[in-house]
Amino acid sequence: MRSTVLLYALLPILCLAIGPPITVTGTSQPDAIYKSPYIDVDEQRTKPHVHRYIHGGFNGTEHRFSFYFPPASIYENRFFQGLPAVPGNENAMLEPTRLGGVIDDIMPFAFESGGYVVESNQGSKTMLGMGNPAKANAAAAILSREVARQVYGKEGRVYGYVFGGSGGGYKTISAVEITDAFDGAVPFIIGSPASIPNVFSVQGHAMRLLDGKFDEIVDAIEPGGSGDMYAGLNQEQKDALLEVTRMGFPPHAWFRQKKIATGYTGVFASLLDIVRMVDPTYFTDYWTKPGYLGYEMPESLRKARFNATTRIKKVIMTKEAMDRGLPVSLSGARGSGKEESPAAFGATLKFLSGSGKDGEVYISGLVEKDIVTFGFGVLGEGKIRSVKEGDSIQLDNSVYLAALTYHRHQDPGPLYTVWNQFKNEDGSYKYPQRKVEMSKLPLSGSGSVQSGKFNAKMIVIEAGYDEAAYPWQADWYRTAVLMNQGEKADEHFRLWVVDKAMHTSPDQPKKNDPKPAENTRIVSYTPVIQQALRDLVLWVEKGVTPPPNSNYTVNDGQVLLPATAAERLSVQPVVNLKVNGKDRADVAVGQPVEFIGTVEVPPPTGTITTTKFDFEGDGTFPVTVAFEKTGYYTAQVKTTYKFAKAGTYFPALMGIAQRNTTSQFGKVANLGRVRIVVK
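In mature numbering (1 follows the signal peptide of the UniProt record, and there is no 0), the protein residues as written are -17 to -1, 1 to 662.
Here it is in structure tokens:
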């Protein structure tokens, strides 16, 4: 791929002439519904990068695809196919923000890596598609090989690599477990069959009870803090925090609690319909039967429950919402987490009159004092299209509150050890158990339940602070792979855990954002995905063994990494920072403060390229300091800084390592942080 990297710089001046018309037959498709493909667009484009764009679909289906072919001079007989969490768009490559916030712009990476790009709407024109996305994605991949051989005029094997995160991670795993269309896969920030709705329910339960306490919780576990995140909580709050922590929520992720509230309530809302369909009596049992929290009705729950009626003043459609700067998707402004979350989040909004009568949706955001946004699932989509001004509505959060402890009333099985907290010492259950086994249902929208059985090669990327797909779930999948593949698992599978990374990349800092900025607390896992895809190419095509699994332990639901890079393994550097030799320093205004940092790279996965500081938490990392190599894979950096104003600061040292330093991709980062109290 090295020559590809050099040639990629010449793309703006290269041209790709359109050859003879492409003929597609579909004869290689294993599924009958995809045997009648067509192409309706075939053109040369220069933006955003020089490529030949081909668009088409499969007759008799909603399935549409887009192929993006780079110039022949940089093509190396492979393709990359990214799978967003939500179906319905085969042109997201041209709109990176539509990729769900977890996949960066794919085209330049793929082209530099010698591949073309495959994109699919995953078999559906809408986000609520009910088909089999794994087979739809495979159909696009298979057809792309047929097209690529004509575009480049050469036969031979075309290697295919699929990747996706969150809901797209489920889809990526299904793509290699139930089809043979791909040679390699990089699923990232993945869940397990027991994710839905449980990670959101236990998270919501904790957030209801811990509202107003998160600043104290976060401060306790920040560098130089007390270390006791339970201090100052009443017993009910302590129990809720312990419950969600044992279920796998990483405590360090609570600094993002506002974003979690605004960003994931809409996701949870769409899942409530699923729970109501498969287990409808739960929502009555919760309030009326012993053993359920609603029956016990603690004071905090009684105060949280509400029911009210009102009328719709105005229905704001998409165009007007965009013109007014209002959110139109979860990736928009409502997911920014800059606002306090209202108590009405998650409440059922039921239409009592008008054409939408009896339709139900769930409040997912408060834009202004009287404007709400809402999430909806398969039950609410049709009704909401017909609501109008003056319709009577009811607001009732009974369903939402009941769902917040749904996880207590099921047992996915012995491999899900985080559920042991809901059992007594003799193995009996503390709470009534539901007959519905949610973990056996393909609720991820992937078309299958993960099994650990596949023939391709796979590198899973997990975020160590993942607040939505708890990190232990990647270990659960690794266990499933080991159970199915035994000693051969090492020939097919890797799991890399990215320290200080969350479900989505840190926000880029803005002028008036609160400090410390997100990117001084957490890093992006995207460069690790890029490196994993390139290591996958070498593994599949050249037999080059990739770096080993991350070394970690799982203790009471928490995934813990060793202290040094040599122990952790995988590909991410380990960064440590000390101030005057400690995690915290109390200093006077203008007093020089000495910082000493170390950066270690797991051998032999790359070299240290950059060390830079952000002292005051604005996220710009304005001070790059030269490092001194203390070994082939280790370095030390020293500097001093004076703080001009009183306050509490969390200086951060970012260390970056890279395998191929001629590339713009694969720059893997980590952070070291300390606390400075300036008086």
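All C-beta atoms in this analysis are idealised placements derived from N, C-alpha and C, irrespective of residue type, glycine included.
Check the Cα spacing between E501 and each of M485, F578, I299 and Y21: the tightest is with M485.
The beta carbons of L519 and V527 sit no closer together than 8 Å. Rounded to the nearest whole angstrom, the C-alpha separation of V258 and K565 is 49 Å.
DSSP, reduced to helix, strand and coil, places Q416 outside both helices and strands of the structure shown, so it counts as coil.
Between Y453 and V182, the C-beta spacing is below 8 Å. Inclusion of V401 and M260 in the CB contact set at 8 Å is not warranted, their separation being larger than that value. With a cut-off of 8 Å on Cβ pairs, the stretch 202 to 209 is not in contact with the stretch 145 to 158, counting fewer than three such pairs. Across the set P180, R517 and K272, the C-alpha of R517 shows the shortest separation from the C-alpha of T588.
Cα atoms of I299 and D379: separation of roughly 22 Å, rounded to the nearest angstrom. Residue range R47 to F52 is occupied by the beta strand (DSSP E) that includes F52, with no alpha helix (DSSP H) assigned at that position. Taking the Cα positions, Q641 is about 13 Å away from Y508.
Pairing Y616 with P586 gives a Cβ-Cβ distance under 8 Å. A direct Cα-to-Cα measurement between D597 and A472 gives close to 41 Å. Boundaries around K621 are those of the beta strand (DSSP E), T617 to K625, since no alpha helix (DSSP H) includes it.
L224 is not a Cβ neighbour of L254, given a cutoff of 8 Å. The alpha carbon of Y265 has as its nearest neighbour, out of G540, G114, P415 and P529, the alpha carbon of P415. Residue pairing by DSSP places P575 opposite K625 in a beta bridge. Nearest to K413 by alpha-carbon distance, out of T388, V134, K286 and G139, is T388.
Taking C-beta atoms as the reference points, P53 and H38 fail to come closer than 8 Å. The closest CA to that of P180, considering only P273, Y383, V582 and Q404, is found on Y383. Per DSSP, the unbroken beta strand (DSSP E) holding D23 starts and ends at P20 to R28. CA-CA distance, S184 to I161, rounds to 30 Å. The secondary-structure analysis by DSSP pairs L544 with nothing; it has no beta-bridge partner.
For Q133, the enclosing alpha helix (DSSP H) covers residues P116 to Y135. Here G602 is near P492, since their CB atoms are less than 8 Å apart. Less than 8 Å separates the beta-carbon of E445 from that of A457.
A contact between stretches requires three or more CB pairs, one per stretch, nearer than 8 Å, and the stretch 616 to 625 fails this requirement with the stretch 56 to 65. The count of Cβ pairs closer than 8 Å, one atom from the stretch 647 to 655 and one from the stretch 604 to 613, stays below three, leaving the stretches out of contact. Here D374 carries a coil assignment [DSSP, helix/strand/coil]. Check the Cα spacing between T10 and each of A122, I22, L77 and G71: the tightest is with A122. Take R477, set aside five residues on each side of it, and the residues of its chain with a beta-carbon closer than 6 Å to its own are I442, P529 and N532, in chain order.
Here S103 is bridged, per DSSP, to F48. By the Cβ neighbour-count rule, M280 is exposed, with fewer than 16 other Cβ atoms within 10 Å of its own. DSSP lists R28 as the beta-bridge partner residues of H34. If the five residues before and after H390 are omitted, its C-beta is found closer than 6 Å to the C-beta atoms of N181, S184 and V185, all from its own chain and listed in chain order.
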